[in-house]
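Single-structure report; data block below.
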Amino acid sequence: MHQESLNPEEDLSYQLRKQEQEIHGNLFMLNQLFNLCCSAALTVDEIRQKAEPILIKLQKSNPIVAKEIREILGCGDQTKVQAYFEQEKEQLIHTLSTEIQQHKGINRSINKEKTNHQPTDS
14 MHQESLNPEE
24 DLSYQLRKQE
34 QEIHGNLFML
44 NQLFNLCCSA
54 ALTVDEIRQK
64 AEPILIKLQK
74 SNPIVAKEIR
84 EILGCGDQTK
94 VQAYFEQEKE
104 QLIHTLSTEI
114 QQHKGINRSI
124 NKEKTNHQPT
134 DS
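Letter by letter, the sequence shown follows residues 14 to 135 in the numbering used here.
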């Protein structure tokens, strides 16, 4: 289906699904970074080296977070790196929970609107 042929409700639903996929991708990368950065088996230099390919991907969709993580890795202090992720994890959970609830509400409205506009057999 071409995006040009979508009605406003379908277009919004498409955009929300696309945004949801991006959020899931970002979460996956952040989880990889979290596990990597909180590994006691690696030095900060090893973490930085292994994190760079993930940060390059993350930078495409979330350049601010990628920059923050690069900066914190640049400090060279593993306790600061771990503290950053612990702090950010709580904030991220709250933000994502809010966004998910908003998406569900919008999707319910779209589905309700579609149902109300469907012709009935009378």
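Cβ coordinates follow ideal geometry from the N, Cα and C atoms, glycine included. Note that this is a predicted model, so its numbers are computed, not measured.
- The C-beta distance from CYS51 to GLN100 rounds to 13 Å, too long to fall under 8 Å, and the pair is not in contact.
- In this structure, the alpha-carbon of SER122 lies about 31 Å from that of MET42.
- By the criterion of at least three beta-carbon pairs nearer than 8 Å, the segment 43-63 is not in contact with the segment 21-28.
- DSSP places LEU55 outside both helix and strand once states are collapsed to three, so it counts as coil.
- Check the Cα spacing between THR92 and each of ALA53, ASN120, SER26: the tightest is with ALA53.
- Going by DSSP, GLY87 is part of the alpha helix (DSSP H) stretching over 76-87.
- Annotated three-state conformation of ASP90 is coil, per DSSP.
- Linking LYS73 to SER26 through their CA atoms gives a straight-line distance of about 23 Å.
- Here DSSP, grouped into helix, strand and coil, assigns ASN39 to helix.
- Judged by beta-carbon spacing, VAL78 lies beyond the 8 Å limit of LEU86, meaning their Cβ atoms are not closer than that value.
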